[in-house]
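Taking it in order: structure first as structure tokens, then the write-up.
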Amino acid sequence: MKKYYYRVYGIEIESEIEIEEFLEVDYIKNKYNSVSILHGKVEKSVITELKKGKFVSQSEDEIYLYIERVATYYISNGNKVIVDVYKNADRKMVNIYLLGSILGILMLQRKQIAIHGAVISKNNKAFIITGDRGAGKSTLTTALRLKKYDFLSDDVASINYTDKPLINHGFPYQKLCEDAMEKLEYDKSKYKSFIADDKIKYLVPVKERFITSKSELTSMYEIVVGYENDNVMIEEIKGHDKLQKIFQNIYRKEYINACGGMDNEYFKQCVLIAKNIKFYKITRPYGKFTVDEQIQLIEKLI
Numbered sequence: 011m012k013k014y015y016y017r018v019y020g021i022e023i024e025s026e027i028e029i030e031e032f033l034e035v036d037y038i039k040n041k042y043n044s045v046s047i048l049h050g051k052v053e054k055s056v057i058t059e060l061k062k063g064k065f066v067s068q069s070e071d072e073i074y075l076y077i078e079r080v081a082t083y084y085i086s087n088g089n090k091v092i093v094d095v096y097k098n099a100d101r102k103m104v105n106i107y108l109l110g111s112i113l114g115i116l117m118l119q120r121k122q123i124a125i126h127g128a129v130i131s132k133n134n135k136a137f138i139i140t141g142d143r144g145a146g147k148s149t150l151t152t153a154l155r156l157k158k159y160d161f162l163s164d165d166v167a168s169i170n171y172t173d174k175p176l177i178n179h180g181f182p183y184q185k186l187c188e189d190a191m192e193k194l195e196y197d198k199s200k201y202k203s204f205i206a207d208d209k210i211k212y213l214v215p216v217k218e219r220f221i222t223s224k225s226e227l228t229s230m231y232e233i234v235v236g237y238e239n240d241n242v243m244i245e246e247i248k249g250h251d252k253l254q255k256i257f258q259n260i261y262r263k264e265y266i267n268a269c270g271g272m273d274n275e276y277f278k279q280c281v282l283i284a285k286n287i288k289f290y291k292i293t294r295p296y297g298k299f300t301v302d303e304q305i306q307l308i309e310k311l312i
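Counted the way my numbering counts, the sequence shown spans residues 11 to 312.
In structure tokens form, the structure reads like this:
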């Protein structure tokens, strides 16, 4: 079977499944620390429990994820994924979960910090844009990219801390909601669509501004919808509240306990990141398109 080699979020991957969104590389530099993605079969008894809605985790290093009519994924030890594909499944959807949740669980198993948010960079200084579903983070990210900011990642910010927090690149695509596509005047007929979180989303290539060099993380911006605001507001979050914001935005945090919890080293990395970055909350008024105003506030700070 043909093997494909990829590098994403600082992880080297050897895969039996072609994932065209990832950046392909010629070989794996460190095979002992890489991830294998394999076709395989999950025991029927496990799938039966998963279909009942039961969470199955045999240990902190083994997690099963069942997606109806798509696939069952077995993620283990932070270095292996077995994909049991549903008969007649849409292969595009099989890969959509590999792009997101599966890699998120792998990073938790590997004790690698991953924040739920997009990453934009300017002059090798990166910042994360985060926020709840519908807050407008994808629209803001796209607008910044169209203003010639560099782009590292759409949905996941993978961070390594050495003497400073560094962001690893993701892959050169964005997942945009239908309303963002319309506001930014994309021709929806030209892009792949799929259903996620009960919403239609589109996979949009962004290769022209995508960079693969590591960038220093300097700040995070949380987008919040204000139902009583007429104007865009910004405030800095400091101290313990800033650390709590980082915890709240860990990617796939619902699986932390299943992956062994937040050990001392993981906690320490979060603390160091909080100490070395700024955190701002941007409150935008409900029902208004205020992306230009949000960008103006960000540009004053960076």
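Every residue gets a Cβ at the ideal spot worked out from N, C-alpha and C, and that includes glycine.
Report yes if the CB atom of N259 is closer than 8 angstroms to the CB atom of I177, and no otherwise. What you label residue 259 is simply residue 249 of the sequence shown in a count that begins at 1. What you label residue 177 is simply residue 167 of the sequence shown in a count that begins at 1. No; because the gap between Cβ atoms is not below 8 angstroms, this pair is not in contact.
Going by the CB atoms, is the gap between F137 and I312 shorter than 8 angstroms? The residue you call residue 312 lines up with position 302 of the sequence shown. The residue you call residue 137 lines up with position 127 of the sequence shown. Going by C-beta atoms, I312 is nearer than 8 angstroms to F137.
What's the gap between the Cα of V35 and the Cα of Y237? Here the question's residue 35 lines up with position 25 in the sequence shown. Here the question's residue 237 lines up with position 227 in the sequence shown. Going by the C-alpha atoms only, they are around 47 angstroms apart.
Mapping DSSP to helix, strand and coil, what is M243? The residue labelled residue 243 in the question sits at position 233 within the sequence shown. The answer is strand: DSSP assigns M243 an E or B state.
For the candidate residues F65, I139 and I47, whose alpha-carbon lies nearest to that of I292? Looking up residue 292 in the sequence shown gives position 282. Looking at the Cα atoms, I139 is the closest of the given residues.
Spatial neighbours of F32 in its chain, beta-carbon cut-off 6 angstroms, leaving aside the 5 residues before and after: As a first step, residue 32 must be located in the sequence shown, where it is residue number 22. For F32, where only same-chain residues beyond five positions count, the Cβ hits under 6 angstroms are Y16, V18 and F181.
Go ahead and label Q122 buried or exposed: buried means 16 or more other beta carbons lie within 10 angstroms of its beta carbon, across all protein chains shown. The residue you call residue 122 lines up with position 112 of the sequence shown. Buried, because 16 or more other Cβ atoms sit within 10 Å of the Cβ of Q122.
For G249, count neighbouring Cβ atoms within 10 angstroms of its own Cβ and tell me buried if that reaches 16, exposed if not. For the purposes of this step, residue 249 is taken as the residue at position 239 of the sequence shown. So G249 counts as exposed.
Given this structure, state the Cα-to-Cα distance separating L307 from I244, to the nearest angstrom. Residue numbering aside, residue 307 sits at position 297 when the sequence shown is read from its first letter. Residue numbering aside, residue 244 sits at position 234 when the sequence shown is read from its first letter. So the two alpha carbons sit approximately 8 angstroms from each other.
What did DSSP end up calling H250 once you bin it into helix, strand or coil? Translated into positions along the sequence shown, residue 250 becomes position 240. Three-state DSSP puts H250 in a helix.
On the DSSP letters alone, give me the boundaries of the alpha helix (DSSP H) that E192 sits inside. What you label residue 192 is simply residue 182 of the sequence shown in a count that begins at 1. E192 -> alpha helix (DSSP H) spans E188 to K193.
Residue closest to Y201, alpha-carbon to alpha-carbon, out of K193, K209, Y183 and D208: By 1-based counting over the sequence shown, the position of residue 201 is 191. Among K193, K209, Y183 and D208, the Cα nearest to that of Y201 belongs to Y183.
Boundaries (first-last residue) of the beta strand (DSSP E) holding R155: Position 145 of the sequence shown, counted from the first residue, corresponds to residue 155. Premise fails: R155 lies in the alpha helix (DSSP H), K147 to L156, not in any beta strand (DSSP E).
In the DSSP assignment, find the unbroken beta strand (DSSP E) run with A124 in it and report its ends. The count along the sequence shown starts at 1 and reaches residue 124 at position 114. From DSSP, the beta strand (DSSP E) with A124 extends over I123 to H126.
V315 (DSSP reduced to helix, strand or coil): Residue 315 is absent from the model: the chain starts at 11 and stops at 312.
I need the straight-line Cα distance from L113 to Y76, nearest angstrom please. The residue given as residue 113 occupies position 103 in the sequence shown. The residue given as residue 76 occupies position 66 in the sequence shown. Going from the Cα of L113 to the Cα of Y76 covers about 15 angstroms.
Assumed close pair Y290, I247 - CB separation to whole angstroms, cut-off 8 angstroms: Within the sequence shown, numbered from 1, the residue matching residue 290 stands at position 280. Within the sequence shown, numbered from 1, the residue matching residue 247 stands at position 237. Indeed they touch by this definition, with Cβ atoms about 7 angstroms apart.
Alpha carbons only, please: which of G88, D100 and Y83 is nearest the one belonging to D94? The residue given as residue 94 occupies position 84 in the sequence shown. With distances taken between Cα atoms, D94 lies closest to Y83.
Helix, strand or coil at R262 [DSSP, three-state]: The residue given as residue 262 occupies position 252 in the sequence shown. Residue state, collapsed to three classes: coil.
Could you spell out the range, first to last residue, of the alpha helix (DSSP H) harbouring N105? As a first step, residue 105 is located in the sequence shown; it is residue number 95 there, counting from the start. R101 to Y107 is the span of the alpha helix (DSSP H), which, as asked, contains N105.
In or out: I205 buried (at least 16 other Cβ within 10 Å) or exposed? What you label residue 205 is simply residue 195 of the sequence shown in a count that begins at 1. Result: exposed.
If you draw a straight line from the C-alpha of K255 to the C-alpha of K310, how long is it? Along the sequence shown, one-based indexing puts residue 255 at 245. Along the sequence shown, one-based indexing puts residue 310 at 300. One C-alpha to the other measures close to 22 angstroms.
To which residues does DSSP link D71 through a beta bridge? Locating residue 71 in the sequence shown gives position 61, where the first residue counts as 1. For D71, which the question treats as bridged, DSSP gives no partner whatsoever.
Take E1 as the anchor and find which of N170, G110, Y14 and Y96 has the nearest alpha-carbon. Given a span of 11 to 312 for the chain in the structure shown, any question on residue 1 remains unanswerable.
Is A284 closer than 8 angstroms to K263 when the C-beta atoms are compared? Translated into the one-based positions of the sequence shown, residue 263 becomes position 253. Translated into the one-based positions of the sequence shown, residue 284 becomes position 274. No; because the gap between Cβ atoms is not below 8 angstroms, this pair is not in contact.
Whose C-beta lies closer than 6 angstroms to the C-beta of Y231 among residues of the same chain, with five residues either side of it excluded? Counted from its first residue, the sequence shown places residue 231 at position 221. The answer, listed in chain order, is I139, Y290 and I292.
Distance between beta carbons of C269 and L118, contact taken as under 8 angstroms: Locating residue 118 in the sequence shown gives position 108, counting from the first residue. Locating residue 269 in the sequence shown gives position 259, counting from the first residue. Confirmed, Cβ separation roughly 4 angstroms.
Residues near L60 by beta carbon distance below 7 angstroms, same chain, minus five either side: As a working mapping, residue 60 is identified with position 50 in the sequence shown. Cβ neighbours of L60 beyond the five flanking positions: V66, Y74, Y76 and T82.
Per-residue burial, S131 [other beta carbons within 10 Å of its own, 16 or more giving buried]: The residue you call residue 131 lines up with position 121 of the sequence shown. S131 comes out buried.
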